[in-house]
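Protein chains in written order, with my numbering: chain X, 689 to 1017; chain L, 38 to 624.
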């Protein structure tokens, strides 16, 4: 187990290094001068040069990258006009545009995306796994058909369509739900919940069909296993066959998929966040890419990459917990 | 056709009708018909089978795959209910009607009155729970006892079936047991609620011969002790010989013959039973007069063995193979030695049999002989040349001459390629580019192994197990090899198919002068085909020599033990051997 975690941690570092290198490379190949952009259109060439020096953009690329890495490990200082700006570790740099520290920008927005992703996950698991189990165990009933139809419809429509329709119907027309806003959980749990409910529903509708399918096929497969037949032949009730002997095996692949989806959700909730005007990581990423704000983009890439890799490790561990035959090495 | 089952059934049914006062037998099956839904229609799996079984008695149901024997066994517990199968006739077990019983009564029947011992003990238990908990769960289904009492009962039955240190081992999960121990766990589960009937479905099929003997002895002992009835379903006539009182032979869903075990095995009335018996390879008499097909093979092989001057093709000296294993956190695990210093020679035109139980290293050895695996020690000479350490490039020209036939004819053929293409592969690899010549040669090969050359474009799933194994043999023959290693080539096949494939191998050897290495766990089959035999145990050859000598006058204690454990077809002899085993166990 320890060996497994150490190995994974080393692998994770490798992945993150590679990610940051790729993003750096892309930005240096892409057209556009960050110094010019940071300074503004009216800047004279002299002012642009000054900005370039202040941002450290005049140094060779490899040196800039080295400084960036140093910042993450030990922190670094930036010259900010007159004085020095200290950026403590883990320092992901300073935004070219706003002069804000990237680490601060990300930590401020992380709770929004985390709330969105985790809440949506709970909903999509309930809806998806529920539908999947129902369709495996109660094939052909009306409730099963309705739910399967709902999840299929949900996943075949893009989020901005579902989101917009829900927004118009639930918030504008009937006013059953408030318009989505983000209120921190620590401030007002109730408002946090109601403000995010609509985005959660939209995301859950999109994801749930996948989970319904997986749960269904995995459940049917497990129910056909020999050991289920054994316990049926010993008079164990059908309900208990499902809850005790089939569910655990059937849900293991669901655990793995959930962890991966959750990790991905941190980086790819862009559309949802933009649609509902939620100040999350995805929205920040889109804005920063447009502004060629290299430090912010690299920082965001690293953080979302970290989430994906971490989610995979968690999936592996959960897998091993669920199935004791799996040995982590 | 319909007269057959009636003939078999009537003698058992009549006494019941004649004496209605008599207590109901433990099992009373009449005119059982089972139809399984297939596509739009139904296929009849069991067609008018009937028998009775008294408490304390044992009935063996034997037949080849697809004969419907397991379907009958499942019917005893009403396990076809809710599967879409149509059931006809009546099945009464311990006073419960298994065809119509519902809810609580049906559940009482299952496990409480009659309990099933399943085959394939790895998949028949829930991988997620400790075996003790699984047995306790069954106890609590049938008895209103506390969790703790149920758990105690589980340990008790585990101990009874011979699981050492049962209290501790009851907390282990199925994968932590060996195959034989898992089978014991399944028997313990069946015993847990003291049922009046045990139904065992191929309980020893996946087990080694010595373990098989132990399990059969255990079932025998338990029956004597508890007075329960036993229905033993198996494809192996040797298994029933020493374990049951009566035998029901099934074919295509019908009862072909039914009677006391001594009569059915000793003086069978029906031609099918006789054919089945004659196809069973015998470890005690290789050229038994009634085994016509097999005798041919023996005669054939007598020739090269007699001359015995064939060129030495393959010579292994002190051959070894170790496998690295995953270590723990701090310590590096010691490598596992699969083959531990094996020396042998294979001559042109002879068959070397290698027997051993699972884990003895026989497959690893076979793979090294054709250099699918690289030895980690020792030397391997092929026609005087050291090939033990040759690289893949240098081996390539030799690959043609060293071929292999695999155990599982299903997974060793690509299901998405036609059988013709599979056979043509080695030809293409050898550089043959002319499509017409390839077709002609594949046609020849298919014909040679007894298949229709026009089947080139058919796919593996269209063939039976025996036919697929023939395709595998044709593929091995394609590059005109000098030596073929056959790894358990017939162990997945029915006994009659087995005899045919064995005959084919013998024929090919005679015609083509091949050297064969025949690896199998079945001692009888190995005796049938081999000129010389090597007995493997724990990576070493414990005894090697002329087949008749090894079998008739074994020198090593392990060989003697193996031979003593082989099921025999003579019920009296089987009983005598059981007593001998028990006596030596208690001594």
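For each residue, glycine too, the CB sits at the ideal point set by N, CA and C. All of these numbers come straight from a predicted model, not from anything done at the bench.
Rounded to a whole number of angstroms, what is the C-alpha to C-alpha distance between residue 1005 of chain X and residue 1014 of chain X? In the first chain, counting from the first residue as 1, residue 1005 of chain X sits at position 317. In the first chain, counting from the first residue as 1, residue 1014 of chain X sits at position 326. Going from the Cα of residue 1005 of chain X to the Cα of residue 1014 of chain X covers about 9 Å.
Should residue 285 of chain L be labelled buried (16 or more other beta-carbon atoms within 10 Å of its own) or exposed? As a first step, residue 285 of chain L is located in the second chain; it is residue number 248 there, counting from the start. Buried, because 16 or more other Cβ atoms sit within 10 Å of the Cβ of residue 285 of chain L.
From the beta carbon of residue 1011 of chain X, is the nearest beta carbon of chain L less than 8 Å away? Here the question's residue 1011 of chain X lines up with position 323 in the first chain. It does; some Cβ of chain L falls within 8 Å.
Which parts of the stretch 154-180 of chain L are runs of the alpha helix (DSSP H), unbroken and 4 residues or longer, counting only runs that do not cross its ends? Unbroken alpha helix (DSSP H) runs of no fewer than 4 residues, entirely contained in the stretch 154-180 of chain L, are found at 168-179, following chain order.
Residue from L/96, L/550, L/567 with nearest C-alpha to residue 274 of chain L: Numbered from 1 along the second chain, position 237 holds the residue referred to as residue 274 of chain L. Sorting L/96, L/550, L/567 by C-alpha distance to the C-alpha of residue 274 of chain L places L/96 at the top.
Roughly how many angstroms lie between the CA atoms of residue 216 of chain L and residue 162 of chain L, to the nearest whole one? Residue 216 of chain L sits at position 179 when you count from the first residue of the second chain. Residue 162 of chain L sits at position 125 when you count from the first residue of the second chain. In this model, residue 216 of chain L and residue 162 of chain L are separated by some 12 Å (Cα to Cα).
Residue 545 of chain L: which of L/493, L/515, L/311, L/250 sits nearest, CA to CA? Here residue 545 of chain L refers to the residue found at position 508 when the second chain is read from its first residue. Taking the Cα of residue 545 of chain L as reference, the smallest distance to any Cα among L/493, L/515, L/311, L/250 is reached at L/515.
DSSP three-state assignment for residue 635 of chain L, whether helix, strand or coil: Coverage of chain L is limited to positions 38 through 624, which leaves residue 635 of chain L absent and any answer about it impossible.
Among X/789, X/969, X/844, which residue has its Cα nearest to the Cα of residue 988 of chain X? Here residue 988 of chain X refers to the residue found at position 300 when the first chain is read from its first residue. Nearest Cα to residue 988 of chain X within the set X/789, X/969, X/844: X/969.
Per DSSP, what kind of secondary structure is residue 1003 of chain X in: helix, strand or coil? In the first chain, residue 1003 of chain X corresponds to position 315, counting from 1. The answer is helix: DSSP assigns residue 1003 of chain X an H, G or I state.
Below 9 Å on C-beta distance, what does residue 1004 of chain X contact in chain L? Taking the first residue of the first chain as 1, we reach residue 1004 of chain X at position 316. What residue 1004 of chain X touches in chain L: nothing, since even the nearest Cβ is about 16 Å away.
In chain order, which continuous runs of the alpha helix (DSSP H) of length 4 or greater are located wholly inside the stretch 756-827 of chain X? Listed in chain order, the complete alpha helix (DSSP H) runs (minimum 4 residues) inside the stretch 756-827 of chain X are 790-825.
Closest by C-alpha distance to residue 841 of chain X, when choosing among X/985, X/945, X/892: Your numbering for residue 841 of chain X matches position 153 in the first chain. If we check each option's Cα against that of residue 841 of chain X, X/892 comes out closest.
Please report the straight-line C-alpha distance between residue 820 of chain X and residue 932 of chain X, rounded to a whole angstrom. The residue you call residue 820 of chain X lines up with position 132 of the first chain. The residue you call residue 932 of chain X lines up with position 244 of the first chain. Answer to the nearest angstrom: the Cα atoms are 17 Å apart.
Can you pull out the residues from the stretch 203-219 of chain L whose beta carbon lies closer than 8 Å to at least one beta carbon of chain X? Cβ proximity to chain X below 8 Å picks out 210, 212 from the stretch 203-219 of chain L.
Roughly how many angstroms lie between the CA atoms of residue 436 of chain L and residue 298 of chain L, to the nearest whole one? Numbered from 1 along the second chain, position 399 holds the residue referred to as residue 436 of chain L. Numbered from 1 along the second chain, position 261 holds the residue referred to as residue 298 of chain L. Counting only the Cα atoms, residue 298 of chain L lies some 50 Å from residue 436 of chain L.
Taking the beta carbon of residue 812 of chain X as the centre, do at least 16 other beta carbons fall within 10 Å, making it buried, or is it exposed? Taking the first residue of the first chain as position 1, residue 812 of chain X is located at position 124. So residue 812 of chain X counts as buried.
Can you say whether residue 776 of chain X is buried or exposed, counting buried as having 16 or more other CB atoms within 10 angstroms of its CB? In the first chain, the residue the question calls residue 776 of chain X occupies position 88. Of the residues assessed, residue 776 of chain X falls on the exposed side of the cut-off, its CB having fewer than 16 other CB atoms within 10 angstroms.
Going by the C-beta, is residue 822 of chain X closer than 7 Å to any heavy atom of the ligand GTP? With respect to the ligand GTP, the structure offers nothing, as it holds no ligand at all.
Helix, strand or coil for residue 495 of chain L? Go by DSSP, reduced to three states. Along the second chain, read from residue 1 onward, the residue named residue 495 of chain L stands at position 458. Here residue 495 of chain L carries a coil assignment [DSSP, helix/strand/coil].
Which residues share a DSSP beta bridge with residue 510 of chain L? For the purposes of this step, residue 510 of chain L is taken as the residue at position 473 of the second chain. Beta-bridge pairing links residue 510 of chain L to no other residue.
Which term fits residue 862 of chain X, buried or exposed, when burial requires 16 or more other beta carbons within 10 angstroms of its beta carbon? Within the first chain, residue 862 of chain X is the residue found at index 174, counting from 1. Classified as exposed, residue 862 of chain X has fewer than 16 neighbouring CB atoms from the shown chains inside 10 Å of its CB.
List, in chain order, every chain L residue whose beta-carbon is nearer than 9 Å to that of residue 924 of chain X. One-based indexing of the first chain puts residue 924 of chain X at position 236. At a C-beta separation below 9 Å, residue 924 of chain X has these neighbours in chain L: 144, 147, 148, 174, 175, 178.
Give me the chain L residues within the contact set of residue 936 of chain X, using Cβ-Cβ distance strictly less than 8 Å, ordered along the chain. Residue numbering aside, residue 936 of chain X sits at position 248 when the first chain is read from its first letter. Those are 165, listed as they occur along chain L.
Do we get a CB-CB distance below 8 Å when we pair residue 1001 of chain X with the residues of chain L? Position 313 of the first chain, counted from the start, is the residue given in the question as residue 1001 of chain X. Taking CB atoms only, residue 1001 of chain X has no neighbour in chain L less than 8 Å away.
Considering only the beta carbon of each residue, do residue 902 of chain X and residue 935 of chain X sit closer than 8 Å? The count along the first chain starts at 1 and reaches residue 902 of chain X at position 214. The count along the first chain starts at 1 and reaches residue 935 of chain X at position 247. Using a Cβ distance threshold of 8 Å, residue 902 of chain X and residue 935 of chain X do not count as a contacting pair.
Any residues in the stretch 908-922 of chain X with a beta carbon nearer than 9 Å to a beta carbon of chain L? Which ones, in chain order? Against chain L - using a Cβ distance shorter than 9 Å - the residues of the stretch 908-922 of chain X are 913, 914, 915, 916, 917, 918, 919, 920, 921, 922.
Can you name the residues that DSSP bridges to residue 123 of chain L? Residue numbering aside, residue 123 of chain L sits at position 86 when the second chain is read from its first letter. Residue 123 of chain L is bridged to L/72.
Neighbour list for residue 571 of chain L in chain X, Cβ cutoff strictly below 7 Å: Indexing the second chain from 1 puts residue 571 of chain L at position 534. In chain order: nothing, as chain X lies at least about 35 Å away.
Would you list, in sequence order, the uninterrupted alpha helix (DSSP H) runs of no fewer than 4 residues that lie entirely inside the stretch 373-427 of chain L? Within the stretch 373-427 of chain L, the complete alpha helix (DSSP H) runs of at least 4 residues are 399-406.
Hey, could you find the ends of the alpha helix (DSSP H) residue 1019 of chain X is sitting in? In the structure as shown, chain X begins at 689 and stops at 1017. Residue 1019 of chain X is therefore absent and cannot be evaluated.
Are the stretch 395-402 of chain L and the stretch 570-584 of chain L touching by the rule of at least three beta carbon pairs closer than 8 Å? By the C-beta criterion, the stretch 395-402 of chain L is judged to be in contact with the stretch 570-584 of chain L, since at least 3 inter-stretch pairs fall below 8 Å.
Is it buried or exposed, residue 295 of chain L, if we count other Cβ atoms within 10 angstroms and call 16 or more buried? If you number the second chain from 1, residue 295 of chain L lands on position 258. Burial call: buried.
Between the Cα of residue 493 of chain L and the Cα atoms of L/501, L/121, L/508, which residue gives the shortest distance? Here residue 493 of chain L corresponds to residue number 456 of the second chain, with the count starting at 1. Of the candidates L/501, L/121, L/508, L/508 places its Cα closest to the Cα of residue 493 of chain L.
On the three-state DSSP scale, how would you describe residue 51 of chain L? On the second chain, residue 51 of chain L is found 14 positions in, with the first residue counted as 1. Confidence at residue 51 of chain L is low in this model, with a pLDDT of 42, below 50, so the placement of that residue should be treated as unreliable; the coordinate-derived value is given next. When DSSP states are grouped into helix, strand and coil, residue 51 of chain L belongs to the helix group.
Could you check whether the Cβ of residue 609 of chain L sits closer than 8 Å to any Cβ belonging to chain X? Stepping through the second chain from its first residue, residue 609 of chain L is reached at position 572. False, the Cβ-Cβ gap to chain X never drops below 8 Å.
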